[in-house]
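Here the protein sequences line up with chains A and B, keeping their order. Per the numbering used here, the very first residue in the first sequence carries number 4; after that it's consecutive. Per the numbering used here, the very first residue in the second sequence carries number 967; after that it's consecutive. All C-beta atoms in this analysis are idealised placements derived from N, C-alpha and C, irrespective of residue type, glycine included. Predicted model only: the values in this text are computed from it and were never measured. Shown next, in structure tokens, is the structure this report addresses.
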Amino acid sequence: MKASRILLLAAAVAIAAPAVAFAQSKSSAKSAAQVKRGEYLVVTGLCHDCHTPLKMGPNGPEPDMSRMLSGHPEDMQLPPAPAPSGPWIMSAAATLTAWAGPWGVSYTANLTPDPETGVLRDFTEEQFIKAMRTGKHQGQGRDILPPMPWPWIGKKTDEDLKAIFAYLRQIPPIKNKVPEPVLATAQ
Amino acid sequence: MPAQSNTRRRRTGYRASLIGVALAAVALLGGAAFARKPASRSAPELLRETGLYADIGRHQVDPGHLKFSPQYPLWSDGAVKRRWISLPARAAIDGSNPDVWAFPAGTRFWKEFSFGGRRIETRFMERQENGTWLYATYAWNEDQTEARLVSEKGKPKAFDFGGGRSHFIPGVNDCKSCHQGHPAEVLGFGTLQLSPARDPNAIHGEPMPAPGVDLKYLVENKLLKRFPRALLKKPPVIDGKTPTERTALGYLHGNCSHCHNDVGSMRNLGFSLRHVESPARKGAERTIATAVGQPVKGHVPGQAPDAKLRIEPGQPERSVLLQRMETRNPLVQMPPVGTAMPDEEAIRLVAQWIRDLESPVPSTGVSGKTAQTK
């Protein structure tokens, strides 16, 4: 009786273990595909344009991939932005990571998973999706400032936004404390 | 005969399979239709089309709608507010979970905001067949004869407060950022807010309008079903050590807990300002457990460097919660939407409560009202 129970248990383990391994490999294949899709969306969605600083190369400005998606460099101090003049109401730093306009001055965020300085450090996937849909920090907090094109990004499907989030959570973390924005209306 | 019998059997079988195919098709189509639940309707262009008024010219609200007032109202820069609910005929709210009421499809809410004796805006929510809520805001005209749907982005400068500040009529995303922070989505119409044991010291508390819509009224009129009997016998009251604590926690429930709770999308912060009735509460007010003496998770732009705790007992000036209530810097202010001016009365109350936390002594309400429960 006892031996048959042991046999039964062994059989169950023999069947279950490969099933679990299969499920795990399937899920890791899915997550790899999701990350790949996220990378594609980040690259073609022009996220690097503002979140990876430009540096001057032999052929002109090029993204500094050693600071990939880490936002405005903390060591880059900027003089006050030029005053808007006529229809020229916006200006940008040469890195394309600092922008000035009627709202004030905003600096692009560090999107890397750095636990201290990454803007997404406290975001859940759900909050990331809500943030892109509503233009609010974590989907419910302060407004995300211009020129972040969240109204367009927010039109992506849940699946695509989840893929972007999955990709951003596994890129190399870069410690870079982006300066606080300066609001024109701050009281 | 056997041949005829076989033919009949074949015909019967053919008919049966046709019926089977037809039934399967109907089931599939029905299933597809069910799966495609009706999309939510778009908001009407005019407030009158939402059904609020029997006669908008006389501002006469349909007498079938119920006027109500939550005991801990949301601060809206001093707006005078009126609220109504309309439930579909023979429908009732499911109160089996006292912390998350389920409203039937067709439920409508309106909230009217007046400044300086004039209607400025009316907000509208309607539960859709597919379970979502429709959100819309309507701006009143100069003549006060009509209110028209506001753009999805909201309407700035709807009323001038002076000093460069003005009332902003929220856009749909603003509505959602608060209302969708809690699974019920309805913020001012729930168990604590409609308790018959109202807090007499509640900040900006309003008298209960006729017909007295509270928990008892709703259950007796069969508008709230499956509501725990125990909560009718012993109406919910915030378990504060002092009347000031009760009122402060009530204020935070009414003004902050739609985002800061344990069940919405911000639950990962581990910061709840919501009074709950469920057993998960374990006898302690969540605000005390998750705010008092608890470190802030991050650093928001403009946050004072010496403020490290959400609430530091005895130290209101070093408590981040109070700092964020006091400012209207858009990057720091709390709540982040719906208010352009700090709520001075509430700031005094919460500061007093934080001071009392160091050595709790019973204090009267800061508004000077008698600290007695009805």
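Secondary structure of THR100 of chain A (DSSP, three-state): coil. Of all C-beta pairs linking the region 1032–1039 of chain B to the region 1167–1187 of chain B, three or more are shorter than 8 Å, placing the two stretches in contact. Linking PRO175 of chain A to PRO116 of chain A through their CA atoms gives a straight-line distance of about 7 Å.
Cβ-Cβ distances below 7 Å link ARG1084 of chain B to GLN1110 in the same chain, with the five nearest sequence neighbours on each side left out; the list follows chain order.
In the DSSP assignment, PHE1193 of chain B is bridged to no other residue.
Counting other Cβ atoms within 10 Å of its Cβ, MET59 of chain A stays below 16 and is therefore classed as exposed. GLY1230 of chain B places its beta carbon less than 8 Å from that of PRO1149 of chain B. Less than 8 Å separates the beta-carbon of PRO1282 of chain B from that of ALA1317 of chain B.
For THR1103 of chain B, DSSP records a beta bridge to B:ARG1089. Excluding its 5 nearest sequence neighbours in each direction, TRP1050 of chain B has C-beta neighbours in its own chain below 6 Å: HIS1031, LYS1033, TRP1076, listed in chain order. Taking the Cα positions, THR137 of chain A is about 11 Å away from TRP155 of chain A.
Boundaries of the alpha helix (DSSP H) harbouring GLU1310 of chain B: 1310–1324, taken from the DSSP string. Look at SER1143 of chain B: its C-beta is under 8 Å from a C-beta on chain A.
DSSP places PHE1034 of chain B within a strand segment (E or B) once states are collapsed to three.
Interface annotation, LEU81 of chain A: not in contact with chain B, CB-CB separation never under 8 Å. Taking 7 Å as the cut-off between beta carbons, the residues of the region 101–126 of chain A near chain B are ASP125, in sequence order. DSSP places TRP1041 of chain B in the coil class of the three-state scheme, outside both helix and strand. Secondary structure note for MET59 of chain A: it is in no alpha helix (DSSP H), and the uninterrupted beta strand (DSSP E) holding it is 57–60.
For ARG1007 of chain B, the closest C-alpha among the options B:GLU1211, B:ALA1102, B:GLN1299 is that of B:ALA1102. In the DSSP assignment, SER109 of chain A falls within the unbroken beta strand (DSSP E) covering 107–110.
Under the DSSP assignment, GLY1264 of chain B falls outside any beta strand (DSSP E); it carries neither an H nor an E label. The beta carbons of VAL1262 of chain B and VAL1286 of chain B sit closer together than 8 Å. Excluding residues up to 5 positions away in sequence, GLN1299 lie with their Cβ nearer than 6 Å to the Cβ of THR1293 of chain B in the same chain. Per DSSP, reduced to three states, the secondary structure at ARG145 of chain A is coil, with no helix or strand assignment. The residues ASP1180, LEU1181, LYS1182, PRO1201, in chain order, have a CB closer than 7 Å to that of PRO1162 of chain B in the same chain once the five nearest residues on each side in sequence are set aside.
LEU1100 of chain B is positioned such that its CB atom lies closer than 8 Å to that of GLU1092 of chain B. Runs of alpha helix (DSSP H) with 4 or more residues, each lying fully within the region 1095–1180 of chain B, are found at 1138–1145, listed in chain order. One thing to note: HIS1170 of chain B has its Cβ within 8 Å of the Cβ of TRP1041 of chain B. Nearest C-alpha to ARG172 of chain A among A:VAL181, A:ALA187, A:LEU123, A:LEU164: A:LEU123. The DSSP-derived three-state label of GLU1078 of chain B is strand.
Counting only Cβ-Cβ distances below 9 Å, MET1174 of chain B has no contacts in chain A at all, with the closest Cβ about 31 Å away. For ASN179 of chain A, the closest C-alpha among the options A:SER30, A:MET79, A:GLY41 is that of A:MET79. For GLN130 of chain A, at least one C-beta of chain B is nearer than 8 Å to its own C-beta. Going by C-alpha positions, GLY89 of chain A is about 12 Å away from PRO105 of chain A.
When secondary structure is reduced to three states using DSSP, ALA1068 of chain B falls in the strand class. DSSP places GLU1292 of chain B in the helix class (H, G or I) of the three-state scheme.
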